[in-house]
Structure formats: C-alpha cells, structure tokens
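Numbering (my numbering), first residue to last: 926 to 1169.
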C-alpha cells in the first residue's frame, strides 16, 4: 500500500513539473517583432424559441498585423460594401438579417491582438490548472505529450451566485521543444435565476504556431450551446490566420 501511494505521489509530481515547465516556456514568448496574417472568420448561429428556428451565418476576411507599436486591422472594400447593403436592406425589411455586419462585430480587436501574441492569455488559463493525467499523444501526426487539466476559474459573485454546477476541463498538447501545439477546453454549467433554470456547454480548440518569440493562434474554433428562459441557441465560430 505504501509503495502504491509513493508511485501515485511521484506521478503527480512529474505532472506538476511538466505544467511548470510549460509555464516557464510561455513566459519567454513575449515577442514584439512584426507579424502579419490574413484572417478568415465564419460563424453560424441558430436561435429557437416558440417560433420557427432562426439561422444566421456569415463569413469575412481581413488583413491584420502587429508590432511593438500596436495592432492594425484592414477590412477589404467588398466586405464593407456588403455590410452597407445589408443595413440598407434591413431598413426596408426589419426582419432581414445582417450576417456580414454580425461577423464584423464578432472579430474583436482585443481578441485579434491576443491571437497574435497568445502566451500571456494561455498563462492565465493555466494559472488555476491542476493536472489530472499526462501521457504521450501525437497531435496531427506530430510527436507530443498531452496534459489533461482541471481548471477552477475565478468568477465574480454576480455570476457565481446563480450557478449550481460548473465543470471546466482542458487539454494542452506540448511538443518536444516544450511549446504548446494545441489547447482545448470544455465548460458545462447549470443554474437558475428568478426560479428559471438554465444550462449550457462551451467547447474551444486553439492551434498554435511560433513566430519568433510570439505564440500565434493560427486556428480557433468554438461552439456554444445555451438553453433557458424559454429559448435555446447554438453558435459555431471558426477563425483562421494565415501567416504572411
């Protein structure tokens, strides 16, 4: 029994060490060298209530670049013209959707800047992580080890008081060089507010590439499902960066 406990404690120490090594590697990726990329963003959303489900989807492209002075985003003229046409059509038909305008609103400049230098954001995600398992597992044919994590996010009281259940799990694939190749997370929650129950699930996948001393998110996908208050919704988003 003592020998089994010793093996268990040794395994936990190794896993914690791997997480600390990953954090150390991320702390070194705080680059300010210039980086440029073309951005492709698409989304799909379905909202269902007591009426017929409403589906909205849109797609757009942009040029983004960052350096030590900040971030620049350039939308092409066809995208802006399409957004203007949608608004004009909606003024004539109020129920008509504006998918391009919604896609534009979905590309947040802060998130774009974070995608081009993601090490600090990933460190925040890992700050409350606990390793559940560590094993060798290739990522898209590349040798890697995966750390299976449990996350304990800090929530403001205004949100926490309505939650009855919250489960946050994640995985991070680390290459032989000690840098992350990908990060996935899943969130499941249940709660109630004003005696009305709600629940939801969220899933995210990030794929990384190193550019100098930057950790760049080259592909991000997410899916969000929510239900409660007499309605339900499902949203899927994909953002791809092609480095230039």
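Even for Gly, the Cβ is constructed at its ideal location relative to N, Cα and C.
- [ ] Taking residue 1050 as part of the alpha helix (DSSP H), name the residues at either end of that continuous run.
- [x] Within the chain shown, numbered from 1, the residue matching residue 1050 stands at position 125. Taken as a continuous stretch (DSSP letters only), the alpha helix (DSSP H) holding residue 1050 covers 1044-1051.
TODO: Please state whether DSSP places residue 934 in a helix, a strand or coil.
DONE: Translated into positions along the chain shown, residue 934 becomes position 9. Any reading at residue 934 needs caution, since the residue's pLDDT is 35, under 50, leaving its predicted position unreliable; the model's value is listed next. Helix at residue 934.
Task: Contact check, residue 1137 vs residue 1016, beta carbons under 8 Å - done: The residue given as residue 1137 occupies position 212 in the chain shown. The residue given as residue 1016 occupies position 91 in the chain shown. Not closer than 8 Å, so no.
Open item on the list: Under 8 Å: do the segment 1053-1065 and the segment 1024-1036 share three or more Cβ pairs, one atom per stretch?
Closed with: no
TODO: Give the secondary structure of residue 1149 by DSSP, where H, G and I count as helix, E and B as strand, and everything else as coil.
DONE: Numbered from its first residue, the chain shown carries residue 1149 at position 224. Three-state DSSP puts residue 1149 in a strand.
Task: DSSP beta-bridge partners of residue 1002 - done: On the chain shown, residue 1002 is found 77 positions in, with the first residue counted as 1. Paired residue(s): none; residue 1002 is not in a bridge.
Task: residue 1078 (DSSP reduced to helix, strand or coil) - done: For the purposes of this step, residue 1078 is identified with residue 153 of the chain shown, where counting begins at 1. Coil at residue 1078, not helix or strand.
TODO: Give every residue of the same chain whose Cβ lies closer than 8 Å to the Cβ of residue 931, excluding the five residues on either side of it in the sequence, and list them in chain order.
DONE: The sequence position of residue 931 within the chain shown is 6, counting from 1. The pLDDT assigned to residue 931 is 37, lower than 50, so where the model puts this residue is not dependable; a value taken from the coordinates is nonetheless given after this. Excluding positions up to five away in sequence, the list is empty.
Task: Opening and closing residue of the alpha helix (DSSP H) in which residue 1041 lies - done: Here residue 1041 refers to the residue found at position 116 when the chain shown is read from its first residue. Counting along the chain, residue 1041 falls outside any alpha helix (DSSP H), and DSSP gives it neither H nor E.
Open item on the list: With H, G and I counted as helix, E and B as strand and the rest as coil, what does DSSP make of residue 977?
Closed with: Mapped onto the chain shown, residue 977 falls at position 52. Residue 977: coil per DSSP, three-state reduction.
TODO: Could you name the residues of the same chain whose beta carbon sits closer than 6 Å to that of residue 1128, not counting the 5 residues immediately before and after it, in chain order?
DONE: For the purposes of this step, residue 1128 is taken as the residue at position 203 of the chain shown. Answer for residue 1128: 1111 and 1148, listed in chain order.
Open item on the list: Please classify residue 970 as buried or exposed, where buried requires at least 16 other C-beta atoms within 10 Å of its C-beta.
Closed with: On the chain shown, position 45 is the one that residue 970 refers to. Flag for residue 970 reads buried.
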